[in-house]
Amino acid sequence: MLDIATDNAIADHRTYGNVGLQHRLFGELRRDDPVHWTQPQGYRPFWTITKYADIIEIERQADRFINAPRTKLLSIDFESKVREAMSGKPMLVRALPQMDNPDHGKYQKLTHAWFQPRHIRTLSERMAALAKESVDRLVAMGNQCDFYNDIAIYYPLRVLMTILGLPRSDEERLLKITQAYFGGGDPEMQKGSDLIDATIAYVDYFKDVARERRKNPQDDVATVIATSEIDGRPIEDFEAYSYYVALASAGHDTTSATIAGGLLALIENPDAMARLQHDPELLSDAAEEMVRWVSPVKHFFRTATADYDIRGKTIRAGDSLLLSYPSGNRDEEAFDRPFQFIPDRSPNRHLGYGFGIHACIGRHLAKAEIVAFFREFLGRIERVELAGALAWTETSFLGGVKRLPVRYSVR
Ligand code: HEM
Numbered sequence: 011m012l013d014i015a016t017d018n019a020i021a022d023h024r025t026y027g028n029v030g031l032q033h034r035l036f037g038e039l040r041r042d043d044p045v046h047w048t049q050p051q052g053y054r055p056f057w058t059i060t061k062y063a064d065i066i067e068i069e070r071q072a073d074r075f076i077n078a079p080r081t082k083l084l085s086i087d088f089e090s091k092v093r094e095a096m097s098g099k100p101m102l103v104r105a106l107p108q109m110d111n112p113d114h115g116k117y118q119k120l121t122h123a124w125f126q127p128r129h130i131r132t133l134s135e136r137m138a139a140l141a142k143e144s145v146d147r148l149v150a151m152g153n154q155c156d157f158y159n160d161i162a163i164y165y166p167l168r169v170l171m172t173i174l175g176l177p178r179s180d181e182e183r184l185l186k187i188t189q190a191y192f193g194g195g196d197p198e199m200q201k202g203s204d205l206i207d208a209t210i211a212y213v214d215y216f217k218d219v220a221r222e223r224r225k226n227p228q229d230d231v232a233t234v235i236a237t238s239e240i241d242g243r244p245i246e247d248f249e250a251y252s253y254y255v256a257l258a259s260a261g262h263d264t265t266s267a268t269i270a271g272g273l274l275a276l277i278e279n280p281d282a283m284a285r286l287q288h289d290p291e292l293l294s295d296a297a298e299e300m301v302r303w304v305s306p307v308k309h310f311f312r313t314a315t316a317d318y319d320i321r322g323k324t325i326r327a328g329d330s331l332l333l334s335y336p337s338g339n340r341d342e343e344a345f346d347r348p349f350q351f352i353p354d355r356s357p358n359r360h361l362g363y364g365f366g367i368h369a370c371i372g373r374h375l376a377k378a379e380i381v382a383f384f385r386e387f388l389g390r391i392e393r394v395e396l397a398g399a400l401a402w403t404e405t406s407f408l409g410g411v412k413r414l415p416v417r418y419s420v421r
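According to our numbering, the sequence shown holds residues 11 to 421 in order.
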């Protein structure tokens, strides 16, 4: 039965620390009330959208369902803390997820070509070298490690630092900021910091990078952004560093969580692992299935600009909607055997990267990273199994496993 307990559970970070519970909750919503008016205690109300087709219908209409001003689920207390921290400024950062058209289109265009497969292919040697370095580390650790904390969190961060042209010596600092940023409500991940402090720390870190790149252009995406123009004028520093914050934050734990959750899926499905070891060409499909399976981004919000009817419910202008990507990706009406990990699933038009004009700009990069990692890993590691209790990040926004102890043997 759907009641206030359901509404509280949707907003409660702890729900997402128990993946079975998360899928049960959203399965009930898909079945009993797929467009669900949700009023959790301590949160402004919103509609929870759980069906694949409805998420697409909403994301397809970017003028009727906009991103600003509510992009994700924050408690009322937290929202007022954010307002205080902004002290008169319109927002702490302003990048693609906070923008709507016409600005969104203008800013997306700046890096569009850079993130297309044709350009991502030029990074493949560097990516393969970083994947090799990660597996070298795994091998050097012997036959046991915490795969998430020892391996998975470093590799995508190093890829990001490479594309932004940042020095390796800054790695620990950036890692700390990202983890605080995405720790959500999880006390273990936040380590005393919170989203606001983490955003300020990001801004502090990136503030001078744009200026520096204008003086000394490099072959990196930070330079592409810093030297770009909007409406015929050089991009403002605020929008340039906001862009860096968006890339660094959106590009890191999404990919770490997918790689760690992807490995867990292979451990739980030894036949899939054997098939990929035997035929690495399947990795391209498997990388998509890993994103569907893990769905590390749990939601984004949209706000309706006009009344809109969907599944017999009327969304009012000004109402906000939580789009549940993990739920859309387990929708029985959209996927054959959605609760099975099928490495060569095809077609696989999952929502793990979102949909429409805001669909992830880093998706080709992310896919190349996942493929490069598992190509190296499966080529060198013969067997892998769980070596202890795993744990999931308690966050309603972005995350996956936060502890993944594994035992392995090297070929
Ligand atoms: C497996 C890894 C990844 C996943 C699952 C993922 C998922 C997502 C999702 C669900 C969205 C929101 C889509 C929507 O609103 O419809 C998004 C947006 C975005 N992602 Fe990713 N992402 C990943 C990797 C990356 C990487 C590597 C980068 C860049 C280096 C990146 C940069 C962005 C940016 C800038 C946006 C905002 C786009 C916009 O609002 O127009 N992501 N991503």
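Here a beta-carbon is modelled for each residue, glycine too, at the ideal position from N, C-alpha and C.
### Query
Buried or exposed: which applies to residue 349, given that a residue is buried once 16 or more other Cβ atoms fall within 10 Å of its Cβ?
The sequence position of residue 349 within the sequence shown is 339, counting from 1. Flag for residue 349 reads exposed.
### Query
DSSP on residue 419, reduced to helix/strand/coil?
Taking the sequence shown and counting its residues from 1, one reaches residue 419 at position 409. The answer is strand: DSSP assigns residue 419 an E or B state.
#### Entry: Burial state of residue 309 (16 or more Cβ within 10 Å)
Against the sequence shown, residue 309 aligns to sequence position 299. Counting Cβ neighbours within 10 Å, residue 309 comes out buried, since at least 16 surround it.
### Task
Drop a sphere of 10 angstroms on the beta-carbon of residue 288, count the other beta-carbons inside from all chains shown, and report buried for 16 or more, exposed for fewer.
Within the sequence shown, the letter at position 278 stands for residue 288. Counting Cβ neighbours within 10 Å, residue 288 comes out exposed, since fewer than 16 surround it.
### Query
Are the segment 229-239 and the segment 161-177 touching, with three or more C-beta to C-beta distances below 8 Å?
yes
### Task
Can you check DSSP and say which residues form a bridge with residue 243?
Against the sequence shown, residue 243 aligns to sequence position 233. 240.
### Message
Taking 7 Å as the cut-off, is the C-beta of residue 372 nearer than that to any heavy atom in the ligand HEM?
### Response
The sequence position of residue 372 within the sequence shown is 362, counting from 1. Correct: residue 372 has its Cβ closer than 7 Å to the ligand HEM.
### Task
Can you grab the Cα-Cα spacing for the pair residue 73 / residue 242, in whole Å?
To locate residue 73, count along the sequence shown from 1; it is residue 63. To locate residue 242, count along the sequence shown from 1; it is residue 232. C-alpha separation (whole angstroms): 25 Å.
### Task
Locate the alpha helix (DSSP H) running through residue 46, then write down its first and last residues.
As a working mapping, residue 46 is identified with position 36 in the sequence shown. Note, residue 46: premise wrong, no alpha helix (DSSP H); beta strand (DSSP E) at 45-48.
### Task
For the beta strand (DSSP E) containing residue 307, list its first residue and its last residue.
Taking the first residue of the sequence shown as position 1, residue 307 is located at position 297. That residue, residue 307, is in no beta strand (DSSP E); it is neither H nor E in DSSP.
### Query
How many Å lie between residue 314 and residue 113 at the Cα?
Counting from 1 along the sequence shown, the entry for residue 314 is found at position 304. Counting from 1 along the sequence shown, the entry for residue 113 is found at position 103. Roughly 18 Å separates the two Cα atoms.
### Query
When the Cα atoms are used, what is the spatial distance from residue 57 to residue 222?
Residue mapping note: residue 57 aligns to position 47 of the sequence shown, counting from 1. Residue mapping note: residue 222 aligns to position 212 of the sequence shown, counting from 1. Rounded to the nearest whole angstrom, the CA to CA distance from residue 57 to residue 222 is 44 Å.
### Task
With distances taken Cα to Cα, identify the nearest neighbour of residue 50 among 85, 108, 146.
Position 40 of the sequence shown, counted from the start, is the residue given in the question as residue 50. Comparing Cα-Cα distances from residue 50 to each of 85, 108, 146, the minimum goes to 85.
#### Entry: Rounded distance between the beta-carbons of residue 420 and residue 392, thought under 8 Å
By one-based count along the sequence shown, residue 392 stands at place 382. By one-based count along the sequence shown, residue 420 stands at place 410. Right, their Cβ atoms sit about 7 Å apart.
### Message
Could you tell me the alpha carbon to alpha carbon distance between residue 18 and residue 274, rounded to whole angstroms?
### Response
By one-based count along the sequence shown, residue 18 stands at place 8. By one-based count along the sequence shown, residue 274 stands at place 264. C-alpha separation (whole angstroms): 29 Å.
### Task
In the DSSP assignment, find the unbroken beta strand (DSSP E) run with residue 349 in it and report its ends.
The residue you call residue 349 lines up with position 339 of the sequence shown. No beta strand (DSSP E) holds residue 349; DSSP gives it neither H nor E.
### Query
Looking only at its own chain, which residues have a Cβ that is under 8 Å from the Cβ of residue 78, when we skip the five neighbours before and after it?
Position 68 of the sequence shown, counted from the first residue, corresponds to residue 78. Within the same chain, residue 78 has close Cβ partners 108, 109, 110, 313.
### Query
Below 8 Å, can you find three or more Cβ-Cβ pairs linking the segment 124-134 to the segment 369-384?
In this structure the segment 124-134 lies against the segment 369-384, because at least three pairs of beta carbons, one per stretch, are closer than 8 Å.
### Query
Would you call the CB atoms of residue 358 and residue 302 closer than 8 Å?
As a first step, residue 358 is located in the sequence shown; it is residue number 348 there, counting from the start. As a first step, residue 302 is located in the sequence shown; it is residue number 292 there, counting from the start. Yes. Within cutoff.
### Message
Using a 10 Å radius around the Cβ and a threshold of 16 neighbouring Cβ atoms, would you call residue 341 buried or exposed?
### Response
Position 331 of the sequence shown holds residue 341. Buried, since its Cβ has 16 or more Cβ neighbours within 10 Å.
### Message
Can you check whether the C-beta of residue 210 is within less than 8 Å of a C-beta belonging to chain B?
### Response
Here there is only one protein chain, and chain B is not present.
### Query
Opposite residue 319 in the DSSP bridges: which residues?
Translated into positions along the sequence shown, residue 319 becomes position 309. Answer by DSSP bridge pairing, in chain order: 324.
### Query
Where do the ends of the alpha helix (DSSP H) carrying residue 14 lie?
Your numbering for residue 14 matches position 4 in the sequence shown. DSSP places residue 14 inside the alpha helix (DSSP H), whose first and last residues are 14-21.
### Query
Under the criterion of a Cβ to heavy atom distance below 7 Å, does residue 254 qualify as lining the ligand HEM?
Taking the first residue of the sequence shown as position 1, residue 254 is located at position 244. The answer is no for residue 254.
### Message
Taking DSSP's pairing of strands, which residues face residue 155 in a bridge?
### Response
Taking the first residue of the sequence shown as position 1, residue 155 is located at position 145. Residue 155 pairs with 416.
### Message
For a quick check, are the C-beta atoms of residue 404 and residue 158 less than 8 Å apart?
### Response
Counting from one through the sequence shown, the residue named residue 404 turns up at place 394. Counting from one through the sequence shown, the residue named residue 158 turns up at place 148. No, these two residues do not count as a Cβ contact at 8 Å.
### Query
Going by beta carbon distance, what residues of the same chain come within less than 7 Å of residue 45, once the five residues before and after it are set aside?
In the sequence shown, residue 45 corresponds to position 35, counting from 1. For residue 45, where only same-chain residues beyond five positions count, the Cβ hits under 7 Å are 57, 59, 64, 320, 321, 323.
### Message
Which residue marks the beginning of the alpha helix (DSSP H) containing residue 149, and which one marks its end?
### Response
Position 139 of the sequence shown, counted from the first residue, corresponds to residue 149. Unbroken alpha helix (DSSP H) run through residue 149: 134-150.
### Query
Looking at the structure shown, is residue 343 part of a helix, part of a strand, or coil, going by DSSP?
In the sequence shown, the residue the question calls residue 343 occupies position 333. It is coil, neither helix nor strand.
### Task
Check the DSSP bridge columns for residue 331 and list the partner residues they point to.
Translated into the one-based positions of the sequence shown, residue 331 becomes position 321. In the DSSP output, where bridge partners are listed per residue, residue 331 has 57, 312.
### beta-carbon residue 32 near the ligand HEM non-hydrogen atom, thresh 7 Å
For the purposes of this step, residue 32 is identified with residue 22 of the sequence shown, where counting begins at 1. Checking every heavy atom of the ligand HEM against the Cβ of residue 32, none is found closer than 7 Å.
#### Entry: Candidates 253, 39, 413: closest to residue 213 by CA position
Counting from 1 along the sequence shown, the entry for residue 213 is found at position 203. It is 253 whose Cα lies nearest to the Cα of residue 213.
### Message
Using only the alpha-carbon positions, how far apart do residue 277 and residue 134 sit?
### Response
For the purposes of this step, residue 277 is identified with residue 267 of the sequence shown, where counting begins at 1. For the purposes of this step, residue 134 is identified with residue 124 of the sequence shown, where counting begins at 1. In a straight line, the C-alpha of residue 277 is about 27 Å away from that of residue 134.
### Query
Is residue 363 near the ligand HEM, in the sense that its beta carbon is under 7 Å from a heavy atom of that ligand?
What you label residue 363 is simply residue 353 of the sequence shown in a count that begins at 1. Flag set: Cβ of residue 363 near the ligand HEM.
### Query
Between residue 202 and the rest of its own chain, which residues show a CB-CB distance below 6 Å, the 5 nearest in sequence each way excluded?
Looking up residue 202 in the sequence shown gives position 192. Any reading at residue 202 is ruled out, since the residue's pLDDT is 47, under 50, leaving its predicted position unreliable.
### Task
Thinking residue 80 and residue 337 are a contact (beta carbons under 8 Å), I'd like their distance in whole angstroms, please.
Against the sequence shown, residue 80 aligns to sequence position 70. Against the sequence shown, residue 337 aligns to sequence position 327. Not quite, the Cβ-Cβ distance comes to about 19 Å (not below 8 Å), so this is no contact.
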